[in-house]
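K.L.:
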Amino acid sequence: MNTLSNMPALFILATGTELSTGRSKDTNSPYIANFLAERGYTIQGFATLPDDPLMLESYIVHAMLSGSDCVIMTGGLGPTEDDYTVDTICKIFNTIPVEDLPSLTKLEERIKVFKGRIELNLARRQIRYPDGAKILRNRIGLAPGHLIKGLIQNKECMLAAMPGVPQEMKAMLEEELYPLLLKEQKPLEKTRKQFYVYGVGESNFQVEVFGKTQSDPDSLIHKENLSLPEDFVWGITAGNWRVKVFLESMKTDFIDILYHKIQTLYKEKMLPDHAAMLLHQHLSNVNKTLSFAESCTGGLLGKQITDMAGSSKYFHGSIVSYANSVKMNLLCVSKEILENHGAVSSECAEAMALGAKRITGSDYALAITGIAGPDGGSDEKPVGTVWLGLADNHRTKTVKLFIPLDRDRIREYSASAALYVLYNFIMNHDYH
0 MNTLSNMPAL FILATGTELS TGRSKDTNSP YIANFLAERG YTIQGFATLP
50 DDPLMLESYI VHAMLSGSDC VIMTGGLGPT EDDYTVDTIC KIFNTIPVED
100 LPSLTKLEER IKVFKGRIEL NLARRQIRYP DGAKILRNRI GLAPGHLIKG
150 LIQNKECMLA AMPGVPQEMK AMLEEELYPL LLKEQKPLEK TRKQFYVYGV
200 GESNFQVEVF GKTQSDPDSL IHKENLSLPE DFVWGITAGN WRVKVFLESM
250 KTDFIDILYH KIQTLYKEKM LPDHAAMLLH QHLSNVNKTL SFAESCTGGL
300 LGKQITDMAG SSKYFHGSIV SYANSVKMNL LCVSKEILEN HGAVSSECAE
350 AMALGAKRIT GSDYALAITG IAGPDGGSDE KPVGTVWLGL ADNHRTKTVK
400 LFIPLDRDRI REYSASAALY VLYNFIMNHD YH
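Heads up: the sequence shown begins at 0 in numbering that gives the first Met the number 0, then just goes up one per residue.
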């Protein structure tokens, strides 16, 4: 175990020339890191390597001998000749590849279904694993993963390998590898709090809570006379019009106090999860329905809601009213509103929300209209001007946002902000 932190230290390695050349994005490594860091493991770092067996061997050995308690690999377990993971690991641990019989049975059944379109002898390459390793079952695909231990240059080393297909990897990590890691290297118990703060940037949060320097008299830590425990760790990730923050320490009382103080500082801007998830959870439980009318976001609001399984229980739909003619003919935004106030206005946003609510019969409606640029702005309404309209069975509300960024980020930030404003509207908070 890593003696510097007294927490198991893991190194994450993705292999695949399509990843190392930038043709595909490595989503597995961040997912693994986040999943295991939330459960008390120290993540030493990531690396992405091409399909090169010599480079792979050198890097794996280096990572294992450089303080990592376990190297976790993804990729290179497929049926093609450039899938080198099993052979490379066998060479490192001085063992041989063998076939996993349950996976072979699964492969043979699949060949029968595809009626000869899969060549058995070629496909058998993906059901191999290093002799002596523990099998990680692949519930979704064919290639099994494995966890292997052994002496490398007189050091006890451990390595796990999983498929590169994200769905297969996620299931294997959560159902197979994580329980084995707990048995092999259980981390010390720590209290971890995670939350989101909307409308606040990374640097602003750091200055307001922890200060520009450790002795900053204006920081929350200094004002509340809080002493940070030696093992205290915190992290922040910027998102769309929000930051995601975690606090971690074995001192549970300190984490609880700090969390409460931050909550008092940011009030309704601080949420225990992202707004889309909180809306999903709330509306799923209260038998209320939701609809959208979208202009500048072009369907992004609807996507964020329908990305979550079960949203059909409450989500009626999103009307993408990009053109003014659709706003008038479908949502019944009056010609007078568009002529006197424009499509990007409080009046138009309110009318759009009422129109969506009327058409779909939903309990709540959210409308968004804005200028995403790069053209279309003016001195009165510059690029980045966004209006939100909200309606329920008893009231309406409009909120103005200004997001002076590029087109993509204006759309993404305003969609995130809109869901946050909607959540507070539904929960009877006021947006400030």
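C-beta atoms are modelled at their ideal positions from N, C-alpha and C, and glycine is treated no differently.
Across which residues does DSSP place CYS89 in a beta bridge pair?
P.N.:
Position 90 of the sequence shown, counting from 1, holds the residue named residue 89. The partner list for CYS89 (beta bridge, DSSP) is empty, contrary to what the question assumes.
K.L.:
Thinking C-alpha only, which one of GLY131, THR20, SER67, ILE42 is nearest PRO49?
P.N.:
Along the sequence shown, read from residue 1 onward, the residue named residue 49 stands at position 50. Closest option to PRO49, Cα to Cα, is THR20.
K.L.:
Go to SER413, then tell me how far its alpha helix (DSSP H) extends in each direction, as first and last residue.
P.N.:
In the sequence shown, residue 413 corresponds to position 414, counting from 1. Per DSSP, SER413 belongs to the alpha helix (DSSP H) from 406-425.
K.L.:
Go through its chain and collect everything with a Cβ distance to LEU389's Cβ below 8 Å, but skip five positions before and after it.
P.N.:
Position 390 of the sequence shown holds residue 389. Excluding sequence neighbours, LEU389 sits near ALA352, TYR363, ALA364, LEU365, ALA366, THR395, LYS396, THR397, VAL398, VAL420, LEU421, PHE424.
K.L.:
Would the beta-carbon of LEU219 fall within 9 Å of that of LYS260?
P.N.:
Here the question's residue 219 lines up with position 220 in the sequence shown. Here the question's residue 260 lines up with position 261 in the sequence shown. Their beta carbons are under 9 Å apart, which means LEU219 touches LYS260 by this criterion.
K.L.:
Apart from the five residues just before and just after GLN303, which ones in its own chain have a Cβ nearer than 7 Å to its Cβ?
P.N.:
The residue labelled residue 303 in the question sits at position 304 within the sequence shown. ALA275, ALA414, LEU418, listed in sequence order.
K.L.:
Quick one: give me the first and last residue of the alpha helix (DSSP H) that ARG432 is part of.
P.N.:
Look at the range of the chain in this structure, 0 to 431, and you will see that residue 432 is not part of it.
K.L.:
Just how far apart, CA to CA, sit SER311 and THR305?
P.N.:
Position 312 of the sequence shown holds residue 311. Position 306 of the sequence shown holds residue 305. One C-alpha to the other measures close to 8 Å.
K.L.:
Helix, strand or coil for LYS243 per DSSP?
P.N.:
Within the sequence shown, numbered from 1, the residue matching residue 243 stands at position 244. Three-state result, LYS243: strand.
K.L.:
Would you kindly work out how many angstroms separate the C-alpha atoms of PRO129 and MET161, rounded to a whole number?
P.N.:
Taking the sequence shown and counting its residues from 1, one reaches residue 129 at position 130. Taking the sequence shown and counting its residues from 1, one reaches residue 161 at position 162. Straight-line Cα distance between these residues: approximately 13 Å.
K.L.:
For GLU207 and ASP51, what's the separation of their Cα atoms in angstroms?
P.N.:
Start at 1 with the first residue of the sequence shown, and residue 207 comes out as number 208. Start at 1 with the first residue of the sequence shown, and residue 51 comes out as number 52. Answer to the nearest angstrom: the Cα atoms are 47 Å apart.
K.L.:
Under DSSP, the alpha helix (DSSP H) around LEU146 begins and ends at which residues?
P.N.:
Counting from 1 along the sequence shown, the entry for residue 146 is found at position 147. Counting along the chain, LEU146 falls outside any alpha helix (DSSP H), though it belongs to the beta strand (DSSP E) covering 144-151.
K.L.:
With a 10 Å radius around its C-beta and 16 neighbouring C-beta atoms as the bar for buried, classify VAL332 as buried or exposed.
P.N.:
By 1-based counting over the sequence shown, the position of residue 332 is 333. Answer is buried; the Cβ neighbour count reaches 16.
K.L.:
With C-beta atoms as the reference, is GLU223 less than 9 Å away from TRP233?
P.N.:
Counting from one through the sequence shown, the residue named residue 223 turns up at place 224. Counting from one through the sequence shown, the residue named residue 233 turns up at place 234. Cβ distance not < 9 Å, so GLU223 and TRP233 don't count as in contact.
K.L.:
Using the beta-carbon count (16 or more within 10 Å), is THR84 buried or exposed?
P.N.:
Taking the first residue of the sequence shown as 1, we reach residue 84 at position 85. By the 10 Å Cβ count, THR84 comes out buried.
K.L.:
Got a sec? Which residues, its chain only, sit under 6 Å from LYS148 by beta carbon, not counting five neighbours each side?
P.N.:
By one-based count along the sequence shown, residue 148 stands at place 149. Correct list, in chain order: MET157.
K.L.:
Give the range of the alpha helix (DSSP H) segment to which PHE253 is assigned.
P.N.:
Taking the sequence shown and counting its residues from 1, the one referred to as residue 253 is at position 254. Run containing PHE253: 251-265, per the alpha helix (DSSP H) assignment.
K.L.:
Assign HIS273 to buried or exposed, taking buried as 16 or more other Cβ atoms, counted over all protein chains shown, within 10 Å of its Cβ.
P.N.:
As a first step, residue 273 is located in the sequence shown; it is residue number 274 there, counting from the start. The residue in question, HIS273, is buried, as its Cβ has 16 or more Cβ neighbours within 10 Å.
K.L.:
Output the boundary residues of the alpha helix (DSSP H) element that contains ARG191.
P.N.:
Looking up residue 191 in the sequence shown gives position 192. Taken as a continuous stretch (DSSP letters only), ARG191 belongs to no alpha helix (DSSP H), being part of the beta strand (DSSP E) at 190-197.
K.L.:
Does DSSP put MET0 in a helix, in a strand, or in coil?
P.N.:
Counting from one through the sequence shown, the residue named residue 0 turns up at place 1. Residue confidence for MET0 is low, a pLDDT of 38 falling below 50, so the modelled location carries little weight; the figure read from the coordinates is stated next. When secondary structure is reduced to three states using DSSP, MET0 falls in the coil class, being assigned neither helix nor strand.
K.L.:
For VAL319, which of helix, strand or coil comes out of DSSP?
P.N.:
Residue 319 sits at position 320 when you count from the first residue of the sequence shown. Correct three-state label for VAL319: strand.
K.L.:
If you follow the beta strand (DSSP E) that VAL432 is in, where does it begin and where does it stop?
P.N.:
A question about residue 432 goes unanswered here, because the residues of the chain that appear run from 0 up to 431.
K.L.:
Taking 8 Å as the threshold, find out whether the region 167-181 comes into contact with the region 137-148 through three or more Cβ pairs.
P.N.:
With the cut-off at 8 Å, the region 167-181 and the region 137-148 touch.
K.L.:
When you compare only the Cα positions, how much space is there between MET63 and LEU18?
P.N.:
The sequence position of residue 63 within the sequence shown is 64, counting from 1. The sequence position of residue 18 within the sequence shown is 19, counting from 1. About 22 Å.
K.L.:
If we count the other Cβ atoms within 10 Å of its Cβ and call it buried at 16 or more, is LEU150 buried or exposed?
P.N.:
The count along the sequence shown starts at 1 and reaches residue 150 at position 151. It counts as exposed.
K.L.:
May I ask you to report which of helix, strand or coil DSSP gives GLY301?
P.N.:
Here residue 301 is taken as the residue at index 302 of the sequence shown, counted from 1. DSSP places GLY301 in helix when its eight states are reduced to three.
K.L.:
In chain order, what residues of the same chain lie with their CB nearer than 7 Å to the CB of GLU98, ignoring the 5 residues before and after it?
P.N.:
For the purposes of this step, residue 98 is identified with residue 99 of the sequence shown, where counting begins at 1. In chain order, ARG123, ILE126, ARG127 place their CB closer than 7 Å to the CB of GLU98, counting only its own chain and leaving out the 5 sequence neighbours on each side.
K.L.:
In terms of alpha-carbon separation, which member of GLY200, ILE254, MET327 lies closest to ILE235?
P.N.:
On the sequence shown, residue 235 is found 236 positions in, with the first residue counted as 1. Of the candidates GLY200, ILE254, MET327, the one whose C-alpha sits nearest the C-alpha of ILE235 is GLY200.
K.L.:
State yes or no: is the C-beta of SER248 nearer than 8 Å to some heavy atom of the ligand NAP?
P.N.:
Inclusion of the ligand NAP in the displayed structure is not the case, the ligand content being empty and no account of it being possible.
K.L.:
Whose CA, out of TYR58, PRO78, GLY39, SER214, lies closest to the CA of MET72?
P.N.:
In the sequence shown, counting from the first residue as 1, residue 72 sits at position 73. Ranking the options by Cα distance to MET72, first place goes to TYR58.
K.L.:
Nearest-angstrom Cα distance between ARG408 and LEU257?
P.N.:
Within the sequence shown, the letter at position 409 stands for residue 408. Within the sequence shown, the letter at position 258 stands for residue 257. Straight-line Cα distance between these residues: approximately 32 Å.
K.L.:
Could you have a look at GLN184 and say whether DSSP puts it in helix, strand or coil?
P.N.:
Taking the sequence shown and counting its residues from 1, the one referred to as residue 184 is at position 185. Coil, per DSSP.
K.L.:
Locate the beta strand (DSSP E) running through PHE401, then write down its first and last residues.
P.N.:
Position 402 of the sequence shown holds residue 401. It spans 395-401 - the beta strand (DSSP E) in which PHE401 sits, taken as one unbroken run.
K.L.:
So the alpha helix (DSSP H) PRO165 belongs to, where does it begin and stop?
P.N.:
The residue given as residue 165 occupies position 166 in the sequence shown. Start and end: 165-171.
K.L.:
Taking only three categories from DSSP, how would you classify PRO96?
P.N.:
One-based indexing of the sequence shown puts residue 96 at position 97. In this structure, PRO96 counts as strand in the three-state DSSP scheme.
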